[in-house]
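Visitor: The opening position of the sequence shown corresponds to residue 12 in the working numbering, with each subsequent residue numbered one higher.
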Amino acid sequence: MARIVTTESMEQPYRTSCTNGHSTWFADEPESNGGLDTAPTPSELLLSAIGTCVTITLRMYARRKEWPVEKIKLDLRLESVKKENGDIKHIIYETLYLTGELTEEQKDRMKSLIPKCPVSKIVTGEVEIKW
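#1: Which runs of the beta strand (DSSP E) fall wholly inside the segment 60-94 and span at least 3 residues, in chain order?
#2: May I ask you to list the residues that DSSP assigns as paired with histidine 101?
#3: Label serine 143 either buried or exposed according to how many other C-beta atoms from any shown protein chain fall within 10 Å of its C-beta, with 16 as the threshold for buried.
#4: Looking only at its own chain, which residues have a Cβ that is under 6 angstroms from the Cβ of valine 92, when we skip the five neighbours before and after it?
#5: Rounded to the nearest angstrom, what separates leucine 62 and isoleucine 125 at their Cα positions?
#6: Please check the pair threonine 52 and proline 41, which I expect to be a contact at CB under 8 angstroms, by giving their CB distance rounded to whole angstroms.
#7: If we call anything under 8 angstroms between Cβ atoms a contact, is valine 65 one with glycine 111?
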């Protein structure tokens with residue numbers, strides 16, 4: 012069962028502590044948004060959740076296949092684009108870097124697994140938040 016994540020406001024304007032009862036991490040807003048820029052923004056935490064899930068998924072796959080992957084690096088960038096009707100469309104750009112003696116077929120297979128990581132599926136699927 013997944014651990015419960017708890018977030019709590021702190022003394023600083025937007026700094027927030029986050030815990031799962033085992034680890035603690037933080038979020039904040041940049042100074043341009045009234046924060047102190049002491050930690051990643053919530054959007055950066057979302058990107059890190061996707062990126063870490065992809066990296067772990069690819070590492071598991073490579074180990075299972077016994078492929079010589081030395082390092083997996085993923086750059087992620089979030090872009091928000093205003094559509095003609097005024098709605099906002101969010102686009103996540105991902106660039107994958109693989110180090111190791113891999114064939115082009117192996118690299119292509121690894122790239123094809125990116126949308127299959129569990130967090131990517133959550134973000135791209137139907138999500139309901141119960142308040």
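The beta-carbon is built from N, C-alpha and C at its ideal position, and this holds for glycine as well.
Guide: With the structure as the only source:
#1: Positions of the beta strand (DSSP E) runs, each at least 3 residues long and wholly inside the segment 60-94, are given as 80-93 in order along the chain.
#2: DSSP lists Ser91 as partners of histidine 101.
#3: Outside the shown range of the chain (12 to 142) lies residue 143, about which nothing can therefore be said.
#4: Taking valine 92 as the centre and dropping the five residues before and after it, the same chain places the C-beta of Lys100 closer than 6 angstroms to its C-beta, in chain order.
#5: The sequence shown places glycine at residue 62, not leucine. Approximately 9 angstroms, taken between the alpha carbons.
#6: Indeed, because the Cβ distance is near 7 angstroms, the residues count as touching under 8 angstroms.
#7: Contact: no.
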